[in-house]
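J.: Straight run, no breaks: the sequence shown in the numbering used here ends on number 156.
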Amino acid sequence: MAITLKHQRNLSARASSRLRRQIRGRKKISGTAERPRLVVTRSSKHITAQVVDDLVGKTLASASTLEGDLRAFDGDKSAKAKKVGELVAARAKQAGVESVVFDRSGNKYHGRIAALADGAREGGLTF
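#1: Which of the three DSSP states is assigned to Ile142 in this structure?
#2: Report buried or exposed for Glu63, applying the criterion of at least 16 other Cβ atoms within 10 angstroms of its Cβ.
#3: Taking a contact to mean a Cβ-Cβ separation below 8 Å, would you say Arg47 touches Arg141 in this structure?
#4: By how many angstroms is the C-alpha of Lys106 removed from the C-alpha of Ala144?
#5: Looking at the C-beta of Lys111, does it have a partner C-beta in chain B at a distance below 8 Å?
#6: Glu115 to Ser134, Cα distance in whole Å?
#7: Specify, as a first and last residue, the run of the alpha helix (DSSP H) that Arg50 falls within.
#8: Compare the Cα-Cα distances from Ala92 to each of Ala78, Phe102, Gly86 and report the closest residue.
#9: Which partner residues does Ser93 have in the DSSP bridge list?
#10: Check whether the Cβ atoms of Val68 and Asp147 lie closer than 8 Å to each other.
#11: Quick one, which of Val126, Asn39, Asp83 has its alpha-carbon nearest Arg55's?
Here it is as structure tokens:
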């Protein structure tokens with residue numbers, strides 16, 4: 030991974046801590062054809078999930094709150110994250126994926142990240 034903290038000079042302590050956690054996790058987590066990586070990207074308003082095969086470098090399925098049908102969905106951000114998890118699980122199952130490795134990208138497993146993981150489990154993915 031080409032992420033280093035030396036070049037990220039103008040980061041807050043919170044952002045640099047998240048990057049350190051992300052680097053630590055990426056050393057251990059890798060997606061294969063049998064168990065691709067479920068990557069979660071979170072911003073202040075939106076959340077995105079992708080199922081990635083790292084050996085080929087290809088995205089197999091993805092879902093986001095930026096999509097039109099989820100923008101119209103009523104509910105708080107955690108409810109939308111759970112819906113994204115269910116949607117990415119359905120799309121991954123269509124692509125033939127049953128089991129994934131969960132990559133939270135340095136975010137704490139709490140709130141929207143946990144809601145997305147619960148939605149993906151309810152959708153039929155196993156971690």
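We treat Cβ as the ideally placed atom computed from N, Cα and C, and that holds for glycine.
T.: According to the data block:
#1: helix
#2: exposed
#3: no
#4: 10 Å
#5: In the structure shown, chain B cannot be found, because there is only a single protein chain.
#6: 19 Å
#7: 42-57
#8: Ala78
#9: Thr77
#10: no
#11: Asp83
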